[in-house]
Amino acid sequence: NAGVTQTPKFQVLKTGQSMTLQCAQDMNHNSMYWYRQDPGMGLRLIYYSASEGTTDKGEVPNGYNVSRLNKREFSLRLESAAPSQTSVYFCASRAIAKSSYEQYFGPGTRLTVT
Amino acid sequence: EDQVTQSPEALRLQEGESSSLNCSYTVSGLRGLFWYRQDPGKGPEFLFTLYSAGEEKEKERLKATLTKKESFLHITAPKPEDSATYLCAVRTNAGGTSYGKLTFGQGTILTVHP
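Residue numbers (the numbering used here), protein chains in the order written: chain L, 12 to 125; chain H, 186 to 299.
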């Protein structure tokens with residue numbers, strides 16, 4: 012049981028390049044989330060998917076798009092990377108039970124945009 | 186707007202020196218407070234969920250408590266391996282959604298010296 016996995020672990024992009032961050036979970040969770048973590052800013056929600064087939068914006072969605080490919084996979088796409096998107100990106104998932112709201116995080120992708 | 190403030194920003198302890206981390210919150214209808222541990226270069230690891238004032242949870246040397254305005258993470262006789270960043274997060278009624286949005290504090294960096 013791998014939990015939440017993310018690829019790649021590290022990435023360097025030039026301004027204007029595009030890329031997709033991949034996330035998968037094997038815990039049969041319904042909800043999935045993408046966060047970014049910046050020094051002094053804490054974790055901020057970019058997009059989330061409450062269930063397969065649905066996606067919604069979080070606090071900081073500008074410059075990003077997402078796809079909930081199936082119940083297991085949730086990808087984050089940067090269409091035209093900017094230096095302000097240099098950050099550590101975390102994917103998380105949450106169990107099905109309505110009384111269970113703790114989220115489980117992946118190991119992160121460290122992205123640098125030059 | 187929901188706010189979560191953690192203090193201190195950094196805490197240095199000697200091995201065996203007990204102390205507490207604070208998480209104060211200003212939210213509209215608390216639906217859960219979460220504690221996470223984050224090691225350098227890794228994703229946050231779930232520790233505890235607290236739902237109501239007076240509730241307490243323990244795990245090894247860690248004990249989390251909750252009041253109507255704040256939560257404490259008590260660390261008893263810490264060891265160097267307890268060194269990490271500790272994050273707290275809240276889930277609230279804000280927006281009336283059920284997707285489990287969490288608002289995170291900025292974390293407390295704990296260093297335990299041998």
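Beta carbons are placed, not taken as given, at the ideal position from N, Cα and C, and that holds for glycine.
Proximity to H/L258 across H/P299, H/E266, H/F219 peaks at H/F219, based on C-alpha coordinates. Around the C-beta of H/Y236, fewer than 16 other C-beta atoms lie within 10 Å, and the residue is accordingly described as exposed.
Within chain H, the residues Q291 have their CB atoms less than 9 Å from the CB of L/G51, given in chain order.
Judged by pairs of C-beta atoms under 8 Å, the segment 112-123 of chain L touches the segment 227-241 of chain H, as three or more such pairs exist.
Classified as buried, H/A249 has 16 or more neighbouring CB atoms from the shown chains inside 10 Å of its CB. Listed along the chain, the chain H residues whose CB falls inside 9 Å of the CB of L/G119 are G226, K227, G228. In the same chain as L/K82, and ignoring 5 residues on each side of it, the C-beta atoms closer than 7 Å to its own belong to E63, in chain order.
Among the CB atoms of chain L, none fall inside 7 Å of the CB of H/R222. One finds L56 in chain L with Cβ atoms closer than 7 Å to the Cβ of H/K286, taken in chain order.
In the DSSP assignment, L/S78 falls within the beta strand (DSSP E) that extends over 75-79. For H/G217, DSSP records a beta bridge to H/R276. Between the C-alpha atoms of L/D49 and H/E241 there is a straight-line separation of about 31 Å.
In this structure H/R276 is buried. Its beta-carbon is surrounded by 16 or more other beta-carbon atoms within 10 angstroms. For the pair of segments examined, the segment 255-269 of chain H was found to touch the segment 287-299 of chain H: the number of CB pairs separated by less than 8 Å reaches three.
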